[in-house]
Amino acid sequence: MKDDKQAMDANSSADNVDEYLQTLGNEDARELRYYSQEQAFSTDELSAVINEKRLNELLAQSDEFLSSLNGEIRDFDDQV
């Protein structure tokens, strides 16, 4: 049974590669394939998967980093 699953996974991967290679020369097909992979998420779906506390921590860290970087740039400009 495990061999059947591996064979199915291998076929699936091969099919995906073959499909991708066929779209390489066709710009319209490539664009359609790219956009078909996008998914629209509702506000409820996003709020269910986003860790708001962690996101706010990361945003605070990025603000601190940018502020520090801005200070370093100002110091560099003053030295020049």
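Per my numbering, the sequence shown starts with residue 1, numbered consecutively.
Note that beta-carbon positions come from the ideal geometry of N, C-alpha and C, so glycine has one too.
Quantities reported herein were computed from a predicted structural model and do not represent experimental measurements.
{"Item": "Can you look up Ala60 in the DSSP assignment and give me helix, strand or coil?", "Value": "helix"}
{"Item": "Rounded to the nearest angstrom, what separates Gly71 and Asn56 at their Cα positions?", "Value": "23 Å"}
{"Item": "Could you spell out the range, first to last residue, of the alpha helix (DSSP H) harbouring Glu45?", "Value": "Thr43 to Val49"}
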